[in-house]
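To keep things clear, I will list the structure first and then write my remarks on it.
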Amino acid sequence: MPKSLPVSRYYDVQRDEAGQRFIRVNVTGLALLQNPLLNKTTAFTPQERRELDLEGLVPPHTSTFEEQKERTYLRYLKCNSDLEKHEYLRALQDRNEVLFYAILEDHLEEMLPIIYTPTVGEAVRNYSSNYRYPRGFTVSTGDIDRVDDMLENVTVNDVRMIVATDSSAILGIGDQGFGGMAISIGKLSLYTAAGGVGPDKTLPVELDVGTNRQDLIDDPLYLGVHHQRLTGAAYDEFLDAFVEAVSHRYPKAIIQWEDFSRGTAFRVLERYRRVVPSFNDDIQGTGAMALAGLMRAAQIKGERLEDQVFVIVGAGAAGIGVAMAIRQGLMTWGGLSHADANARVFVVDRHGLLMHGQPDLEEQQLSFVRRPEDLQGWTYEGEYPSMHDVIVNARATALLGFTGVPGLFRQESIQAMLEHTPRPIVFPLSNPSSHVEARPADVIHWTQGGAIVASGSPFPDVEYGGKRHPIGQGNNAFIFPGLGFGAIASRAREITDTMVMEAARTLAEFTAQSGERVYPPISDLRELSIQVAVNVALQSIRDGVCAERRIRNMTRDELEQVIRGRAWEPRYLPLRKG
């Protein structure tokens, strides 16, 4: 049997005679200190300092881990802005990854909005001007023919999770060119902090196919390639070469496609999902997250998912992904036919309700298109019913936003929902917070405390009528870390739709333990991700895509024990010279 490769060309994780894990390193001195996965900064033991040529290169005091965390957190609190905090944490990650994840795990609820949405949007915008340290893998149009050789430059040998973006549709801020690398880095930080995927098993990737932002192309400080985006066959050939090279270098890796423009997102997902295990978080992750929140909201109302009528505003990757997830949920758990499920889901774009004959319809939107004969008895002005028209005529009980248009949900439309339900479900889920369709406090006041509200970015709970109304944060982090970890644990050959639906069901059931909340608190994210991972892995077995034979006959309790045991934790291991 061939000997397995070490974790990295610089080190390997091994076990001693007593079965305790340690790291055997091939670098010493300054080269070791410059490796964030090995660097303990002030926590190296006296013996490690002698053996690894570190004496005189670090302060004489040997800090405990708790001392390091206290010092680091106090410095974090001195940062003057959220962007400065983001940059401080990123610099810490580039210097000492174990300490970074320990701090993040201890303060996850506080720091999640800093390392990811909404602050990451500012980091993306400023990525070129604030660039400090290389992280991740970039393949651009000038070197795609050498991508196999370039992947050999990546120092870790067993990558299991890749987040890859072409940066064409970042959050609610659109084409950001090379800056999208910050998104891949941030997402993978959550895979580790929440999902338990070891940092040396992850790889952020920027697919630099150009940008259609002329201001970036003209900016001499912009770090990406300075030309318009590839399209058509050239774009497909670029991604084909990337996927082929990744499959060769990292045959056990899962790819999460991230922040692709809406037409491209669906096409890329369908092109590769059965070539390499992969999923699109904007489509499937957002769909599962929103569906779980809707299931919980219906439960809070004392109703069922199939009792609701849904209006989704925004027909991009997220909006259509959510529409598909709702339809699947109505069929899977509500027992509705495809036609009956479809009849309860209305999708609105900038023209109005998706209608037959509307310009620029894309393939993934067609199954949600209405015909004039479907609108018998409707009253509306204009060529297509507006969002407000749809709410009134369809008797909507749930309204979800994925437009990035601030203030789109107006008082008259929200109050119109009260004609159909005393407890309307209102989810303005666009990111960042400056792009939210309605502020949760306004929705609560417009409905006199009746609405059940969740938003994409964090907002404080609302006091109204002597009652505290929790505002759920509809964050994909409730789905993708566990989904990815479960797929890794089962070595899934494909990320099936039923695995994604199982993640949604797990989230809804987990949240039910947290009182009248639509989503659980962020502080529960690690435990939630374990539960999602277990159920996703079990579903992969049922779906026949589990390649990890050792888990196929395990009970749920046995599988949970295995997954907990595999979850990476931020703690220093002893270092020994190779």
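For the record, in the sequence shown the residue sitting at position 324 is 324 according to full-length UniProt numbering, with numbers rising by one throughout. Here a beta-carbon is modelled for each residue, glycine too, at the ideal position from N, C-alpha and C.
Please determine, among L399, L291, D360 and I541, the residue with the shortest C-alpha to C-alpha distance to T332.
Closest by alpha carbon: L291.
Are the beta-carbon atoms belonging to V147 and F242 less than 8 Å from one another?
A contact, by the Cβ cut-off of 8 Å.
What does DSSP give as the partner residue(s) for R9 in the beta ladder?
For R9, which the question treats as bridged, DSSP gives no partner whatsoever.
In the DSSP assignment, find the beta strand (DSSP E) that holds T165 and state where it starts and stops.
Segment M161 to T165, the beta strand (DSSP E) holding T165.
In chain order, what are the residue ranges of uninterrupted beta strand (DSSP E) at least 3 long that sit wholly in the stretch 105-141?
You should have 137-140.
Using only CA atoms, which one of D389, A318 and R410 lies nearest to N475?
The residue with the shortest Cα to Cα distance from N475 is A318.
Between the alpha carbons of A537 and A504, how many angstroms are there, rounded?
Rounded to whole angstroms, A537 to A504 spans 14 Å at the Cα level.
Please determine if the stretch 245-258 and the stretch 161-175 are in contact, where contact requires at least 3 C-beta pairs separated by less than 8 Å.
They touch, by the three-pair rule.
Less than 8 Å separating the beta-carbons of A194 and R526?
For A194 and R526, yes; Cβs fall inside 8 Å.
Rounded to whole angstroms, what is the Cα-Cα separation between R571 and G329?
Going by the C-alpha atoms only, they are around 40 Å apart.
Give the secondary structure of F100 by DSSP, where H, G and I count as helix, E and B as strand, and everything else as coil.
If DSSP states are grouped into helix, strand and coil, F100 belongs with the helices.
Decide if the stretch 118-128 is in contact with the stretch 424-433; the criterion is three or more beta carbon pairs, one per stretch, under 8 Å apart.
As far as the Cβ criterion goes, the stretch 118-128 touches the stretch 424-433, which means the pair count is three or higher.
Can you check which of these residues, R370, G19 and L151, is closest to Y250 by C-alpha distance?
When each option's Cα is compared against that of Y250, the closest is L151.
Please list the segments of the beta strand (DSSP E) lying wholly inside the stretch 291-338, counting only runs of 3 or more residues, in order along the chain.
Here the runs fully enclosed are 310-313.
Can you check whether the CB of L37 is closer than 8 Å to the CB of P199?
A contact, by the Cβ cut-off of 8 Å.
For the candidate residues A169, T138 and S168, whose alpha-carbon lies nearest to that of V154?
The shortest Cα separation from V154 among A169, T138 and S168 belongs to T138.
Using a Cβ-Cβ cutoff of less than 6 Å, which residues in the same chain neighbour F364 once the five nearest sequence positions on both sides are dropped?
One point to set straight first is that residue 364 is Gln, not Phe, in the sequence displayed. So the list reads F266 and I320, once near-sequence residues are dropped.
Taking the runs of the alpha helix (DSSP H) that are 4 residues or longer, which of them lie wholly in the stretch 27-78?
List check, alpha helix (DSSP H) in window: 29-33, 46-51 and 65-77.
Take E70 as the anchor and find which of G401, G484, L207 and F100 has the nearest alpha-carbon.
Nearest C-alpha to E70: F100.
Bridge partners of R576, per DSSP?
Per DSSP, R24.
Buried or exposed, going by whether 16 or more other CB atoms sit within 10 Å of the CB of G335?
By the neighbour-count rule (16 or more Cβ atoms within 10 Å), G335 is not buried but exposed.
Return the CA-CA distance between Y272 and W446, expressed in angstroms with no decimal places.
Roughly 45 Å separates the two Cα atoms.
What residue range is occupied by the uninterrupted beta strand (DSSP E) comprising V348?
Per DSSP, V348 belongs to the beta strand (DSSP E) from V345 to D349.
Can you tell me the Cα-Cα spacing of D557 and A533, whole angstroms?
Using only the alpha carbons, I get a separation of about 13 Å.
DSSP has W257 in a bridge; who is on the other side?
According to DSSP, which records beta bridges pairwise, W257 is partnered with A164 and N280.
Roughly how many angstroms separate the alpha carbons of V7 and V156, rounded to a whole number?
C-alpha separation (whole angstroms): 6 Å.
Check whether the Cβ atoms of Y384 and M355 sit closer than 8 Å, and answer yes or no.
Their beta carbons are under 8 Å apart, which means Y384 touches M355 by this criterion.
Is the beta carbon of Q34 less than 8 Å from the beta carbon of R24?
No, these two residues do not count as a Cβ contact at 8 Å.
To the nearest angstrom, report how far apart P406 and Q415 are at their CA atoms.
In a straight line, the C-alpha of P406 is about 18 Å away from that of Q415.
If I follow the unbroken beta strand (DSSP E) through F510, where does it start and stop?
Taken as a continuous stretch (DSSP letters only), F510 belongs to no beta strand (DSSP E), being part of the alpha helix (DSSP H) at D497 to T511.
Candidates A508, E569, D340 and Q358: which alpha carbon is nearest V348's?
Out of A508, E569, D340 and Q358, Q358 has the C-alpha closest to the C-alpha of V348.
At a cut of 8 Å, does the stretch 75-82 reach the stretch 48-62 through at least three beta carbon pairs?
Output reads no: the stretch 48-62 does not touch the stretch 75-82.
Write down the C-beta distance between F368 and A323 rounded to the nearest angstrom, noting that I regard them as a contact closer than 8 Å.
Right, their Cβ atoms sit about 6 Å apart.
Here's the rule I'm using: 16 or more other beta-carbon atoms within 10 Å means buried, otherwise exposed. How should D282 be labelled?
Label assigned to D282: buried.
Going by the CB atoms, is the gap between R262 and G316 shorter than 8 Å?
Yes, Cβ-Cβ distance for G316 and R262 is below 8 Å.
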